[in-house]
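In the numbering used here, the protein residues as written are 193 to 736. Reading through the structure tokens given below for one structure.
So, in structure tokens, the structure goes:
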């Protein structure tokens with residue numbers, strides 16, 4: 193269902209902030225503001241195992257209450273004539289009426305249907321899910337998503353994927369929501385029917401803000417259908433909190449305006465874990481029989497160090513300043529995206545699992561592939577581009593001449609950490625496949641370290657968020673050709689379209705198919721085309 197939100201109550205609720213949760217009105221805020229009762233946001237499943245599945249729903253009781261008990265059922269058929277499992281879970285105002293529980297004792301590689309039953313006997317919608325396989329597996333398919341900005345487009349990519357009957361799992365690699373206030377969007381970029389909540393101009397800060405934004409996104413019918421049809425493994429990137437986040441702060445967090453970073457970070461994490469079908473484990477491995485191991489990583493809030501600041505080198509205006517930055521702060525070996533604890537976990541897991549499974553699939557919030565700015569892009573900027581934007585492109589072209597990347601917030605900004613990861617994959621003799629997002633455009637990278645192949649990367653384009661094409665006044669094919677000519681690791685790219693990717697894993701190859709939606713400004717399932725790339729086992733590079 194699409195939640196019907198009363199704007200007057202929304203304004204009252206949003207103005208109360210985090211402290212509202214301690215007040216009587218705050219305890220009932222979700223029900224009052226959303227003006228919805230019963231099962232308000234459909235169902236979802238996630239954290240799949242060979243014998244277990246996490247189930248999620250949200251239920252607001254019809255009367256005044258602080259807590260309710262819900263019964264979950266799992267069955268082998270959609271009519272629930274063959275119920276094979278179930279459990280009871282409680283929820284209440286303290287977790288925004290969201291409920292999660294894990295059902296165990298299931299069979300591997302099996303499709304199940306599930307539902308929740310409320311105290312009054314009312315039923316939730318029926319969800320469909322599938323446990324992970326064991327043993328020899330011939331094929332496994334997952335849908336890959338990133339960067340879904342609700343006000344600027346319809347979630348047609350979710351709708352198209354949800355119609356597929358051939359998918360085993362969804363993998364969302366971050367920017368599931370965006371934290372910006374409504375004033376951050378240009379009126380011409382927004383869709384009138386897709387207003388974000390809370391409706392105030394400032395970005396999300398409090399627990400109430402994050403809960404409301406997640407409630408708004410999860411009310412989208414196409415996103416609900418996606419969750420209803422298959423389990424999801426999800427990890428956050430930065431916009432689930434705020435732009436360019438790291439362990440101790442963010443580019444878009446000013447303590448004098450938004451308060452204590454640790455409080456804001458805790459609020460974002462709490463709301464995300466309430467509203468998403470995820471566990472509280474910060475990172476995790478999912479075995480897909482002997483076929484592959486999928487890894488969910490955390491690269492934003494727990495161990496990531498602050499990005500090296502290149503702005504002073506740009507401001508100095510000399511190559512000498514950029515060279516000093518390149519040879520000093522940029523190469524700092526203490527810089528890390530994952531933190532040393534997670535690095536050690538991942539590298540050990542790659543070494544161990546490369547012996548027992550054919551492929552090692554690493555879900556990551558940001559791109560690992562090396563990317564520098566082509567010099568041609570400065571001449572292709574739109575006439576209306578601001579001077580600030582023009583200077584940013586000029587700076588990135590200057591940096592590219594000295595081997596410095598255009599994306600300091602991604603793995604390119606942490607070269608020592610990137611080398612450690614790729615060295616670990618090489619030493620484990622792993623068939624490494626990175627699955628990433630964040631850039632809003634589509635990329636295929638053949639990764640290398642010490643001039644040796646190290647794996648490949650499928651980087652998915654955005655569900656709706658705009659990419660580099662928004663700055664360019666030339667044919668996108670020219671932009672793609674320039675990036676490929678300038679960057680040795682880029683095997684293919686598309687810099688203009690929105691959608692999602694399908695990843696098919698077999699014992700001998702992994703194939704990625706980028707699906708391009710025809711439009712995001714109107715709702716529909718039409719696609720503009722697809723592009724396929726594949727890597728063969730032991731090749732560690734794309735077949736081009």
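All C-beta atoms in this analysis are idealised placements derived from N, C-alpha and C, irrespective of residue type, glycine included. These figures come from a predicted structure and were not determined experimentally.
Quiz item: Do you know whose CA, among 347, 439 and 547, lies nearest residue 419's CA?
Solution: 347
Self-check item: Given 8 Å, three or more beta-carbon pairs between the stretch 331 to 342 and the stretch 361 to 371
Solution: yes
Exercise. Taking all protein chains shown into account, decide if residue 459 is buried (16 or more other Cβ within 10 angstroms of its Cβ) or exposed.
Key: buried
Practice problem: To the nearest angstrom, report how far apart residue 733 and residue 282 are at their CA atoms. | Solution: 49 Å
Practice problem: To the nearest angstrom, report how far apart residue 316 and residue 269 are at their CA atoms. | Solution: 16 Å
Self-check item: Contact belief for residue 334 with residue 360 at Cβ below 8 Å, rounded distance in angstroms
Solution: 6 Å
Quiz prompt | Neighbourhood of residue 704 by C-beta, 6 Å cutoff - its chain only, sequence neighbours within 5 removed | solution = 650, 693, 695 and 725
Quiz item: Excluding the five sequence neighbours on either side, which residues of its own chain have a C-beta within less than 7 Å of the C-beta of residue 595, listed in chain order?
Solution: 518
Self-check item: Inter-residue CB distance, residue 690 and residue 652 (contact presumed, cutoff 8 Å)
Solution: At roughly 10 Å, the Cβ-Cβ gap does not stay under 8 Å, so residue 690 and residue 652 are not in contact.
Self-check item: CA nearest to the CA of residue 723, picked from 709, 354 and 537
Solution: 709
Self-check item: Option in 598, 617 and 563 with minimal Cα separation from residue 636
Solution: 563
Exercise. Over the uninterrupted beta strand (DSSP E) stretch that includes residue 455, give me the two end residues.
Key: First-last for residue 455: 453 to 467, but that is the alpha helix (DSSP H), not the beta strand (DSSP E).
Self-check item: Paired residues, beta bridge with residue 488 - DSSP
Solution: 476 and 555
Self-check item: First and last residue of the uninterrupted beta strand (DSSP E) at residue 589
Solution: Counting along the chain, residue 589 falls outside any beta strand (DSSP E), though it belongs to the alpha helix (DSSP H) covering 579 to 593.
Exercise. Flag residue 441 as yes when its Cβ comes closer than 7 Å to any non-hydrogen atom of the ligand FAD, and as no otherwise.
Key: Absence of the ligand FAD from the depicted structure is noted, as is the absence of any ligand whatsoever, leaving it without description.
Quiz item: In three-state DSSP terms, what is residue 746?
Solution: The structure shown does not extend to residue 746, since the chain spans only 193 to 736, so no value can be given for it.
Exercise. Mind checking which residues open and close the beta strand (DSSP E) that includes residue 728?
Key: 719 to 728
Quiz item: Is residue 342 helix, strand or coil when you go by DSSP?
Solution: helix
Quiz item: Any idea what DSSP makes of residue 694, helix, strand or coil?
Solution: strand
Quiz prompt | DSSP-derived helix/strand/coil call for residue 637 | solution = strand
Practice problem: Would you check if the distance between the CB atom of residue 239 and the CB atom of residue 309 is smaller than 8 Å? | Solution: no
Self-check item: DSSP three-state assignment for residue 276, whether helix, strand or coil
Solution: strand
Practice problem: Please go through the same chain and pick out, in chain order, the residues whose beta-carbon is closer than 6 Å to the beta-carbon of residue 479, but skip the five residues on each side of it. | Solution: 485
Self-check item: Proximity of residue 393 and residue 374 at Cβ, strictly below 8 Å
Solution: yes
Quiz item: Cα separation between residue 506 and residue 513?
Solution: 8 Å
Quiz item: Which residues bound the beta strand (DSSP E) around residue 250?
Solution: 244 to 252
Practice problem: Give every residue of the same chain whose Cβ lies closer than 7 Å to the Cβ of residue 537, excluding the five residues on either side of it in the sequence, and list them in chain order. | Solution: 475
Quiz item: Just how far apart, CA to CA, sit residue 735 and residue 648?
Solution: 11 Å
Exercise. Just tell me which of 273, 261, 289 and 731 has its CA closest to the CA of residue 280.
Key: 261
Quiz item: Nearest to residue 332 by alpha carbon, out of 349, 351, 362 and 414?
Solution: 362
Quiz item: Which residue comes first and which comes last in the beta strand (DSSP E) that contains residue 296?
Solution: 290 to 296
Quiz item: Nearest CA to the CA of residue 439: which residue from 497, 450, 405 and 466?
Solution: 497
Quiz item: If you measure from the beta carbon of residue 233 to each beta carbon in chain B, is any gap under 8 Å?
Solution: The displayed structure is made up of one protein chain only, and chain B is not part of it.
Self-check item: Contacting residues, own chain, Cβ-Cβ under 6 Å from residue 250 (five flanking each side not counted)
Solution: 232, 233, 289 and 290
Quiz item: Can you give the Cα-Cα distance for residue 329 and residue 698, rounded to whole angstroms?
Solution: 8 Å
Exercise. Apply the 10 Å Cβ neighbour rule to residue 275 and answer buried if 16 or more other Cβ atoms are within range, or exposed otherwise.
Key: exposed
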